[in-house]
Amino acid sequence: MMKKLYIKTFGCQMNEKDSEQVRILLEDSYVKTENPEEADLILINTCSVREKPEHKLYSEIGRFKEYKLKKPDLIIGVMGCVAQQEGQALLQRFPYLDLVLGTQGFYSIRSALEIIKEKGSPVIFTDLKENFEIPLVLSKSKGVRRVKAFVTIMQGCDNFCTYCIVPYVRGREISRAPEDILKEAEELVVKEGVREITLLGQNVNSYGLKERGYPDFAELLDLISQIEGLWRIRFTTSHPKDLSEKLIKVLSENPKVCKHIHLPLQAGSNRILKRMNRKYTKEEYLEKVSLLRNYCPEIAITSDIIVGFPGETEEDFEETLEMMKIVQFQEVFSFKYSDRPFTLARKYPDKVPSEVKEERLRRVHSLQEAITKSIYESYIGKEVEVLVEGRSEKDPNKLTGRTSTNVVVNFSSPRLDLIGALVKVKIVEAGKHSLRGQYVESLRV
Ligand code: SAH
Ligand code: SF4
Ligand code: F3S
């Protein structure tokens, strides 16, 4: 009989993809369940990029302890970035844990489960190899049909921004073999009917630069776009310093590449950018934005911003707001700076008080809300292409999808059997987080 797997995922899209890979690795013996109480294996895939998600993990693990008392055979494991960061220490803190799998170690989950079965002792796989090869994990089952999927193209990061834990928990930057990326993407399209693929990496713009004979990221996009039946390609995240004119050209000219780029600014003051080790100035960032808009006027730019980095003065912070006004990001994900283990910024003495961070975050939110509103309103009356992802959550008589520029559109339609189709929608109204529209015609089904 098949056993049951419950897997809870925190953190970024990379983690979502890793959870999916684990499900496939175990598909011979486990089926997924949404109910942890009936699970034989509970996995928590963790994030440690900020303090908050790390704390979530600790409350989550505590919750599962009682299940183990009721069901002694239950296996509980932690994977992902906190597992990588804490390793053995997690077992000391939570003695009922069976498994600690790091960001490369989770690929060996099958042998880890074997060891537990044979020896009964907990297993920790947290080695990080510099020459690690991201395995090709393909499902043998036919799979359910779905519209969108992720494909990991690289692992790790070499940038060492002074606030960031990622290089320590994901290891050195490694690009995946292009053949494997293409194979995985093709399988998703052919077997599961996937129409849109998002390519994942901490810093996709430096794809292939360290490896001999690999295409660069712009070339990789063109290669993937040749897959028949694949209609849209997205990617995340881009580091501004490695955004090349060659890539911008592909972004503007290749019709399958979506007209959206997530380009984290982090801060608007050159002094803070330098202390963050971001390796660009605000002037250089603005040059990249101009280049993007010159080649591709319709492009949507979104960003990440950290408020209250150590030493950030009111003047520094106002430069961040100024940059937001100049660039007009479609959306911004903003975070209060928090100290992370291993990082340099943790040792900086001039920490910003928490009330000040709170207040700056509110100012970023309210400015961005106004900017997003004006961008969303500019869509009213226009016809846009939407890839239909499903029924609208709020109103099941409507459909939902995204524009190429990554805005959610909910729309009424005479037909509801259009999931996976590319349709033309006329925008009639702008909400805070989405647009509303009416179906015009189907473009591709
Ligand atoms: N590789 C991606 C970022 C991954 S982390 C990139 O370079 O864009 C996602 C976001 O979390 C970062 O862009 C940053 O804005 C935020 N972040 C990372 N470390 C943080 C910290 N210590 N405190 C607050 N926010 C942080
Ligand atoms: Fe972290 Fe910077 Fe690497 Fe992004 S580029 S993962 S922010 S170190
Ligand atoms: Fe979090 Fe790890 Fe992603 S720290 S943001 S899950 S790379």
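Numbering-wise, our numbering comes out as the position in the sequence shown, counting from 1, plus 17.
Every residue gets a Cβ at the ideal spot worked out from N, C-alpha and C, and that includes glycine.
For residue 133, the uninterrupted alpha helix (DSSP H) run begins and ends at 126-136, by DSSP. Remark: the shortest separation between the CB of residue 186 and any heavy atom of the ligand SF4 does not fall under 7 Å.
For residue 92, the enclosing beta strand (DSSP E) starts and ends at 92-97. Between the C-alpha atoms of residue 202 and residue 365 there is a straight-line separation of about 43 Å. DSSP links residue 456 through a beta bridge to 442. At a cut-off of 7 Å, the beta-carbon of residue 105 does not count as near the ligand SF4: no heavy atom of the ligand is closer than that. Fully enclosed beta strand (DSSP E) runs of no fewer than 3 residues occupy 249-253 and 277-279 of the stretch 232-317, in order along the chain. Residue 252 has its Cβ no nearer than 7 Å to any heavy atom of the ligand SAH. In the DSSP assignment, residue 361 falls outside any beta strand (DSSP E), carrying neither H nor E. At the C-beta level, residue 213 and residue 165 come within 8 Å of one another. Annotation: residue 339 to residue 405 spans about 36 Å, alpha carbon to alpha carbon.
Contact fails between the stretch 291-299 and the stretch 433-450, because fewer than three Cβ pairs, one in each stretch, are under 8 Å apart. The DSSP-derived three-state label of residue 104 is coil. For the ligand SAH, a non-hydrogen atom lies closer than 7 Å to the CB of residue 66. Not one heavy atom of the ligand F3S falls within 7 Å of the beta-carbon of residue 122. Exclusion of residue 92 from the 7 Å shell around the ligand F3S follows from its C-beta lying no nearer than that to any non-hydrogen atom of the ligand. Where residue 420 is concerned, the enclosing beta strand (DSSP E) starts and stops at 415-420. Within the same chain, and ignoring the five residues on either side of residue 396 in sequence, the residues whose Cβ sits closer than 6 Å to its Cβ are 444 and 452. Looking only at 391, 413 and 428, the smallest Cα-Cα distance to residue 402 is reached by 428. Of the heavy atoms belonging to the ligand F3S, none sits nearer than 7 Å to the Cβ of residue 313.
Counting only residues of its own chain and dropping the five nearest sequence neighbours on each side, residue 330 has no CB closer than 6 Å to any other CB. Membership of residue 32 in the alpha helix (DSSP H) is indicated by the continuous run 30-42.
As for any alpha helix (DSSP H) of minimum length 4 sitting wholly inside the stretch 315-384, the runs are 331-344, ordered along the chain. Looking at the DSSP output, residue 62 shares a beta bridge with 26 and 96.
Per DSSP, reduced to three states, the secondary structure at residue 389 is helical. Cβ atoms of residue 21 and residue 57 come within 8 Å of each other, at about 5 Å. As the crow flies, the alpha-carbon of residue 37 is around 11 Å from that of residue 124. Apart from sequence neighbours up to five positions away, the residues of its chain that approach residue 380 with a beta-carbon distance below 7 Å are 338, ordered along the chain.
With a contact defined as Cβ atoms closer than 8 Å, residue 170 and residue 221 qualify at about 6 Å.
Apart from the 5 residues on each side of it in sequence, residue 400 sits with its Cβ closer than 8 Å to the Cβ of 441, 442, 443, 444 and 457 in its chain, given in chain order.
Out of 304, 358 and 157, the CA that lies nearest to the CA of residue 103 is found in 358. Taken from the Cβ of residue 29, every heavy atom of the ligand SF4 lies 7 Å or farther away.
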